[in-house]
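What the first sequence shows, in this note's numbering, is residues 3 to 545, in sequence order.
Virtual Cβ for every residue (Gly too), placed ideally from N, Cα, C.
Treat the numbers as computed from the prediction; the structure is a model and nothing was measured.
Heads up, the thing below is written out as structure tokens.
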Amino acid sequence: MSRISLSRLPGDRALVTDGGSELTLGIADLPAYVRERDADGPRWVWDDTARWYPTLLAAGVRVERCHDLRLGHHLLRRAPAVDRELLVGEQSAYWDRLGPVVPSDPVLFSADDTAEHLRADLEDARQLAAVAASPEAGRLGLLLAAESSGALVAAEMTYAGVPWRVDIHERLLTDLLGPRPPRGARPSGLEALAGEVRTAFDAPGLNPDSRPELLAALRRAGLEVSDTRASSLRVLDHPGIVPLLRYKQLAHLFSTNGWVWIDQWVSGGRFRPSYQPAGSTTGRWSSNGGGALSFPAQVRPAAVADEGWMLVVADVAQLEPRVLAGMSGDTALAQAARGADLYQGMVDAGAVASRKDAKLGLLGAMYGATSGESGRMVAGLTRRYPAAFGLVEEAARAGERGQVVRTLLGRGAPGLGEAWDTDPDDGPADPDSQARYRRAYGRFTRNFVVQGTGAEWALCWIAELRNRLWRLGSDGPLDARPHLVFFLHDEVVVHTPAGLADAVVEQATAAAATASGLLFRDLTIDFPLNTSVVTSYADAGKH
DNA sequence: TGTGTATGCGCC
DNA sequence: AGGGCGCATACACA
3 MSRISLSRLP
13 GDRALVTDGG
23 SELTLGIADL
33 PAYVRERDAD
43 GPRWVWDDTA
53 RWYPTLLAAG
63 VRVERCHDLR
73 LGHHLLRRAP
83 AVDRELLVGE
93 QSAYWDRLGP
103 VVPSDPVLFS
113 ADDTAEHLRA
123 DLEDARQLAA
133 VAASPEAGRL
143 GLLLAAESSG
153 ALVAAEMTYA
163 GVPWRVDIHE
173 RLLTDLLGPR
183 PPRGARPSGL
193 EALAGEVRTA
203 FDAPGLNPDS
213 RPELLAALRR
223 AGLEVSDTRA
233 SSLRVLDHPG
243 IVPLLRYKQL
253 AHLFSTNGWV
263 WIDQWVSGGR
273 FRPSYQPAGS
283 TTGRWSSNGG
293 GALSFPAQVR
303 PAAVADEGWM
313 LVVADVAQLE
323 PRVLAGMSGD
333 TALAQAARGA
343 DLYQGMVDAG
353 AVASRKDAKL
363 GLLGAMYGAT
373 SGESGRMVAG
383 LTRRYPAAFG
393 LVEEAARAGE
403 RGQVVRTLLG
413 RGAPGLGEAW
423 DTDPDDGPAD
433 PDSQARYRRA
443 YGRFTRNFVV
453 QGTGAEWALC
463 WIAELRNRLW
473 RLGSDGPLDA
483 RPHLVFFLHD
493 EVVVHTPAGL
503 ADAVVEQATA
513 AAATASGLLF
523 RDLTIDFPLN
533 TSVVTSYADA
543 GKH
């Protein structure tokens, strides 16, 4: 059991210790304290994990448990099962307004000096009371613990980084684009392709980066297109299309994951994206630096484990359909989920003719497809899986009626008026657009319940995996332990000493079972993982 | 010159 | 008239 303490020193400094490490921080009133008598032992309670933890990690302090008050406050304030009045009190308006700490500014002093005088203990007491008074105290408590664990994971992953071979990445860029061009210039490979496009369309001055110019050139060549996106161009029959598509693909690589990206996001052989837990309203993480949400296949060859280490890549097969089966208690769908491929399970049960149809129907139900092949499949499958399809249907109806919906553990969706940025000056809309807006909100609430509960499952999974990985390497030195380096919705990457790779796979699988039990109790839902032990991320088996 | 929006791409 | 995101760029507008 770790011993953590936090104490004021003279001269606006504070001493923090956790385990054997200690650190002196220069800070005024601390928006953090330690909850001593927590069920599992002492727990850090602080305003924002992203404000504190990077400093602690840099000083060699690993935190076992925390409660992130900012995340907790925003979560509880929107939770339908919580009495919001219990969250109101001294300084609470400040917590209402508190935004995330921006990663480019990882300092303990905020421009807004209110932050330094926040009373963490006051806010913590309100949150504990609000949870205790809720009829869903158990689930909310689990959600808060998972959310805070996620915040620890996020900070640890940014600190550790994805092992990144700049030499491989640069060779890849040079092979495809030519040598690095001067700032503002096109690489030679792109310039050559642009030349081919100009010739093919007989447009000598054409700038392929300009949509209007490109559109005009395409039309002059007799092609009927209304936009310039790749999917629209792909179906056209013209000798200029092939080099144009190639140009667009490589131009995107150059601007999104080119040399500038390396300069900005890779340091010390590590790619360090920044994560924002609960950054999206559904509870999924978002990212505000490095582009962690789109880790394109094109550059994955550069993610290579250190010498003597391996990457364990694990993703959940059909996470959201399985979550839907669990939260709706649909025993027929749960039955289909027994096995590695839920869609195939539906085929085997005779519910649907092909795997493709199963996928179309389920995704259509979760996204609110109304027409086309997908919409037709939904109708048929509703009879077969009434509980599962009924749940998303009811969430959509509730949204259209203007009611709020919630995830399984109690995260509330934003209301009808606040789901998207809307201009308050727009005035009263006509009935048609109002109805359109309500249907759009219904599609949002329909997806919210599944995507949000999926995010909760994933949080529990990585929180549990984090703990298991820590124990796994506990007899070795600190820097020889397997650790999470990447997480994206339903997928994790663990960087591990090669000798522990198989054990990591086991722990990832066990953690998935634990997460399932936490969310769905006695209703057994399988969450099989696709796992790969690889040297490079690019070699992970995907489908 | 700067700012906001639209487009297109990438990921789940 | 199928959900959630981030990012880079072009373009329109101030």
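Bridge partners for residue 1 per DSSP, in chain order?
Shown here, the chain extends from 3 to 545; a query on residue 1 therefore has no answer.
What does a CB cutoff of less than 8 Å around residue 458 pick up in its chain, not counting 5 residues either side in sequence?
By 1-based counting over the first sequence, the position of residue 458 is 456. In its chain, beyond the 5 residues on either side, 145, 148, 285, 409, 410, 411, 413 and 521 have a beta carbon closer than 8 Å to the beta carbon of residue 458.
For residue 416, which residues in the same chain have their Cβ closer than 6 Å to its Cβ, ignoring the five residues on either side in sequence?
Locating residue 416 in the first sequence gives position 414, where the first residue counts as 1. Correct list, in chain order: 283.
Let me make sure I understand the geometry here. Which of 325, 294 and 303 has the alpha-carbon closest to that of residue 274?
Sequence index remark: in the first sequence, residue 274 carries index 272 (1-based). The shortest C-alpha separation from residue 274 is found at 294.
Which first and last residues belong to the alpha helix (DSSP H) in which residue 263 is found?
Walking along the first sequence from the start, residue 263 turns up at place 261. Segment 261-267, the alpha helix (DSSP H) holding residue 263.
Enumerate in chain order the residues of its own chain whose CB-to-CB distance from residue 534 is below 6 Å, with the five nearest sequence positions on each side excluded.
The residue given as residue 534 occupies position 532 in the first sequence. Taken in chain order, the residues that qualify are 315, 542 and 543.
Tell me the DSSP secondary structure of residue 51 in three-state form.
Along the first sequence, read from residue 1 onward, the residue named residue 51 stands at position 49. In this structure, residue 51 counts as helix in the three-state DSSP scheme.
In the DSSP assignment, find the unbroken beta strand (DSSP E) run with residue 37 in it and report its ends.
The residue you call residue 37 lines up with position 35 of the first sequence. Residue 37 -> beta strand (DSSP E) spans 34-37.
Does the Cβ of residue 358 have 16 or more other Cβ atoms within 10 Å, making it buried, or fewer, making it exposed?
Here residue 358 corresponds to residue number 356 of the first sequence, with the count starting at 1. The residue in question, residue 358, is exposed, as its Cβ has fewer than 16 Cβ neighbours within 10 Å.
If you check the beta carbons only, do residue 468 and residue 151 fall under 8 Å apart?
On the first sequence, position 466 is the one that residue 468 refers to. On the first sequence, position 149 is the one that residue 151 refers to. Result yes, Cβ atoms of residue 468 and residue 151 sit closer than 8 Å.
Once the 5 residues before and after residue 362 are set aside, which same chain residues still bring their CB inside 7 Å of it?
As a position in the first sequence, residue 362 is number 360, starting the count at 1. Closer than 7 Å at the Cβ level, and outside the excluded window around residue 362, lie 375, 376 and 379.
DSSP beta-bridge partners for residue 68?
Counted from its first residue, the first sequence places residue 68 at position 66. When beta bridges are read from the DSSP output, residue 68 appears opposite 46.
Among 496, 451 and 234, which one has its Cα closest to the Cα of residue 308?
Residue mapping note: residue 308 aligns to position 306 of the first sequence, counting from 1. That would be 496, whose Cα lies nearest to the Cα of residue 308.
To the nearest angstrom, report how far apart residue 138 and residue 132 are at their CA atoms.
Indexing the first sequence from 1 puts residue 138 at position 136. Indexing the first sequence from 1 puts residue 132 at position 130. In a straight line, the C-alpha of residue 138 is about 10 Å away from that of residue 132.
Name, in chain order, the residues that DSSP records as bridge partners for residue 164.
Along the first sequence, one-based indexing puts residue 164 at 162. Residue 164 is bridged to 273.
Pull up the distance between the alpha-carbon of residue 338 and that of residue 351, whole angstroms please.
For the purposes of this step, residue 338 is identified with residue 336 of the first sequence, where counting begins at 1. For the purposes of this step, residue 351 is identified with residue 349 of the first sequence, where counting begins at 1. Going by the C-alpha atoms only, they are around 7 Å apart.
From residue 174 to residue 266, what does the alpha carbon distance come to, in whole angstroms?
Here residue 174 corresponds to residue number 172 of the first sequence, with the count starting at 1. Here residue 266 corresponds to residue number 264 of the first sequence, with the count starting at 1. Distance between the alpha carbons of residue 174 and residue 266 is about 18 Å.
For a quick check, are the C-beta atoms of residue 559 and residue 49 less than 8 Å apart?
Lying before the first or after the last residue shown, residue 559 is absent from the chain, which here runs from 3 to 545.
Name the residue from 327, 529 and 157 whose alpha carbon lies nearest to the alpha carbon of residue 60.
To locate residue 60, count along the first sequence from 1; it is residue 58. Nearest option by C-alpha distance: 157.
Would you mind sorting residue 276 into buried or exposed? The rule is 16 or more other CB atoms within 10 Å of its CB.
For the purposes of this step, residue 276 is identified with residue 274 of the first sequence, where counting begins at 1. Result: buried.
On the premise that residue 360 lies in contact with residue 348, defined as a C-beta separation below 8 Å, what is that separation, rounded to the nearest angstrom?
Position 346 of the first sequence, counted from the start, is the residue given in the question as residue 348. Position 358 of the first sequence, counted from the start, is the residue given in the question as residue 360. Right, the Cβ-Cβ distance comes to about 4 Å (below 8 Å), so this counts as a contact.
Can you tell me the Cα-Cα spacing of residue 401 and residue 449, whole angstroms?
The residue you call residue 401 lines up with position 399 of the first sequence. The residue you call residue 449 lines up with position 447 of the first sequence. Taking the straight line joining both Cα atoms gives about 11 Å.
Mapping the DSSP letters down to three states, classify residue 76 as helix, strand or coil.
Mapped onto the first sequence, residue 76 falls at position 74. Three-state DSSP puts residue 76 in a helix.
Skipping 5 residues on each side, what residues in its chain have a beta carbon closer than 7 Å to that of residue 421?
Translated into the one-based positions of the first sequence, residue 421 becomes position 419. Once the five neighbours on either side are set aside, the close Cβ partners of residue 421 are 443 and 446.
Which of helix, strand or coil does DSSP assign to residue 147?
Counted from its first residue, the first sequence places residue 147 at position 145. Helix at residue 147.
In or out: residue 167 buried (at least 16 other Cβ within 10 Å) or exposed?
The residue given as residue 167 occupies position 165 in the first sequence. That one is buried.
Once the 5 residues before and after residue 120 are set aside, which same chain residues still bring their CB inside 7 Å of it?
Here residue 120 is taken as the residue at index 118 of the first sequence, counted from 1. Here the set comprises 33, 49, 93 and 96.
Does the pairing of the segment 255-266 with the segment 217-224 give three or more beta-carbon distances under 8 Å?
no
Using the C-alpha atoms, what's the distance from residue 123 back to residue 407?
Taking the first sequence and counting its residues from 1, the one referred to as residue 407 is at position 405. Taking the first sequence and counting its residues from 1, the one referred to as residue 123 is at position 121. Rounded to whole angstroms, residue 407 to residue 123 spans 31 Å at the Cα level.
I'd like to confirm the pairing. Which residues does DSSP put opposite residue 305 in its beta bridges?
Taking the first residue of the first sequence as position 1, residue 305 is located at position 303. According to DSSP, which records beta bridges pairwise, residue 305 is partnered with 166.
DSSP three-state call for residue 26: helix, strand or coil?
To locate residue 26, count along the first sequence from 1; it is residue 24. In the three-state DSSP reduction, residue 26 falls in the strand class (E or B).
Run through DSSP, which three-state label would residue 543 get?
As a working note, residue 543 is residue 541 in the first sequence. Correct three-state label for residue 543: coil.
Terminal residues of the continuous beta strand (DSSP E) containing residue 488?
In the first sequence, the residue the question calls residue 488 occupies position 486. Looking at the DSSP string, the run of the beta strand (DSSP E) that includes residue 488 is 485-489.
Enumerate in chain order the residues of its own chain whose CB-to-CB distance from residue 203 is below 6 Å, with the five nearest sequence positions on each side excluded.
Within the first sequence, numbered from 1, the residue matching residue 203 stands at position 201. Same-chain partners within the cutoff: 219, 223 and 242.
Nearest-angstrom Cα distance between residue 30 and residue 271?
Walking along the first sequence from the start, residue 30 turns up at place 28. Walking along the first sequence from the start, residue 271 turns up at place 269. Annotation note: pLDDT 47 at residue 30 (below 50); position unreliable, no value reported.
Give me the Cα-Cα distance between residue 236 and residue 171, rounded to the nearest whole angstrom.
Translated into positions along the first sequence, residue 236 becomes position 234. Translated into positions along the first sequence, residue 171 becomes position 169. Straight-line Cα distance between these residues: approximately 28 Å.
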